[in-house]
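Below, the structure written as structure tokens:
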């Protein structure tokens with residue numbers, strides 16, 4: 029198995045990949061990892077840390093080609109190889125590619141993955157670990173550039189179905205997702221769908237949803253839209269604006285971070301647009317969607333417009349559509365007529381998946 033994993037500056041892929049390496053070691057799966065950036069610094073010991081992008085573009089390209097030539101040679105000696113790199117950079121040279129097509133083609137990766145994270149966490153890391161002038165708008169733009177470039181490379185070199193968008197996000201489960209994509213490809217891929225924005229203040233309902241997610245995660249390779257959830261950022265900025273506050277404090281990956289209210293409101297359109305596109309893309313890269321619809325305290329189904337759109341998108345895309353409907357009220361035809369199957373509980377759904385042979389060893 030050969031994998032290329034990309035991500036914008038500030039996602040901090042190395043610690044994440046180290047967790048993946050440890051998980052592979054625990055399961056006795058050999059995995060050789062090449063960090064292109066680290067290898068480029070080793071190839072150019074005269075370049076101070078954090079300054080490699082200041083080099084002339086010609087030398088930068090020469091360094092990268094030399095490093096990837098070594099990767100191509102070394103990769104032949106290993107069964108499973110992961111290359112950590114970037115697809116693009118935006119620096120004083122402008123926007124430029126961080127790869128050479130001939131070498132990428134020669135590596136012939138089985139899978140391409142792009143790792144992304146919440147904007148506030150990326151901002152926090154850029155502030156602490158990098159000397160990079162940036163705005164929140166820059167972070168949103170860099171993410172889209174990296175995503176598009178990686179997907180184009182994957183499609184050109186391997187065709188449709190070899191690219192995965194992976195959220196680093198708030199969950200520790202995403203390392204397991206990458207591990208399963210690499211080492212357990214027979215496992216069904218599931219997009220987990222559930223209400224988010226309008227249950228934020230309902231702890232009992234949130235606990236139900238977390239239990240559902242944990243159960244599905246036990247048996248499938250899962251993509252969770254909640255791992256990157258910047259709607260919370262948008263909502264906090266809206267509330268701050270109404271209250272006349274110039275800043276907001278939000279929880280990022282490494283603790284609280286203070287952001288300007290105006291800066292967050294400036295990217296509200298990007299947040300909404302990327303949520304819409306990202307969730308549909310995760311549905312597309314899955315085999316099936318499993319949606320959990322809880323009963324709200326007022327007795328009504330916790331069915332958001334976002335969940336309805338995800339279900340319909342999956343149906344139109346030819347995916348298996350499964351709904352766990354825990355409400356006393358009957359689901360509408362807009363649910364039942366597009367669902368492959370509707371269950372009354374998560375346990376009922378798991379029993380069905382075992383019967384279908386979707387769960388290994390069942």
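Numbering (the numbering used here), first residue to last: 29 to 390.
All C-beta atoms, glycine included, are put in the ideal place defined by N, C-alpha and C.
Secondary structure of residue i, DSSP reduced to three states
| i | result |
| --- | --- |
| residue 312 | helix |
| residue 215 | coil |
| residue 149 | helix |
| residue 333 | helix |
| residue 250 | strand |
| residue 323 | strand |
| residue 79 | coil |
| residue 27 | Outside the shown range of the chain (29 to 390) lies residue 27, about which nothing can therefore be said. |
| residue 241 | helix |
| residue 61 | strand |
| residue 376 | helix |
| residue 176 | helix |
| residue 256 | coil |
Counted within 10 angstroms of its Cβ, other Cβ atoms place residue i as buried (16 or more) or exposed
| i | result |
| --- | --- |
| residue 342 | buried |
| residue 56 | exposed |
| residue 188 | exposed |
| residue 42 | exposed |
| residue 123 | exposed |
| residue 356 | exposed |
| residue 196 | buried |
| residue 136 | exposed |
| residue 322 | buried |
| residue 326 | exposed |
| residue 297 | exposed |
| residue 96 | buried |
| residue 171 | buried |
| residue 133 | exposed |
| residue 338 | buried |
| residue 330 | buried |
| residue 156 | exposed |
| residue 216 | buried |
| residue 193 | buried |
| residue 384 | exposed |
| residue 236 | buried |
Endpoints, the beta strand (DSSP E) within which residue i is located
| i | result |
| --- | --- |
| residue 44 | Here residue 44 belongs to no beta strand (DSSP E); instead the alpha helix (DSSP H) covers 41-54. |
| residue 360 | No beta strand (DSSP E) contains residue 360, which DSSP labels as neither H nor E. |
| residue 283 | 283-288 |
| residue 30 | 30-34 |
Host alpha helix (DSSP H) of residue i (start-end)
| i | result |
| --- | --- |
| residue 89 | 85-103 |
| residue 386 | Where residue 386 is concerned, there is no enclosing alpha helix (DSSP H), given that its DSSP letter is neither H nor E. |
| residue 64 | 64-71 |
| residue 259 | 259-271 |
According to DSSP, residues forming a beta bridge with residue i
| i | result |
| --- | --- |
| residue 170 | According to DSSP, which records beta bridges pairwise, residue 170 is partnered with nothing at all. |
| residue 192 | 141 |
| residue 348 | 316 |
| residue 125 | 116 |
| residue 280 | 283 |
| residue 220 | 318 |
| residue 370 | 351 |
| residue 133 | Residue 133 is not bridged to any residue. |
| residue 165 | Paired residues: none, contrary to the question. |
| residue 275 | 288 |
contact_flag[the stretch 131-145, the stretch 164-184] where n(CB pairs < 8 Å) is 3 or more: Contact between the stretch 131-145 and the stretch 164-184 is present, because at least three Cβ pairs lie under 8 Å.
Validate contact between the stretch 122-129 and the stretch 80-93 using beta carbons, cut 8 Å, 3 pairs: yes
Three or more C-beta pairs below 8 Å linking the stretch 231-246 and the stretch 356-368: no
Touching by the beta-carbon criterion (3+ pairs, under 8 Å), the stretch 215-225 and the stretch 299-314: As far as the Cβ criterion goes, the stretch 215-225 touches the stretch 299-314, which means the pair count is three or higher.
The stretch 258-272 contacting the stretch 224-237, beta-carbon criterion three pairs below 8 Å: yes
The stretch 279-296 in contact with the stretch 151-170 per 3-pair CB rule at 8 Å: The stretch 279-296, when compared against the stretch 151-170, does touch it at the 8 Å Cβ threshold.
At least three beta-carbon pairs within less than 8 Å, the stretch 52-72 to the stretch 99-119: yes
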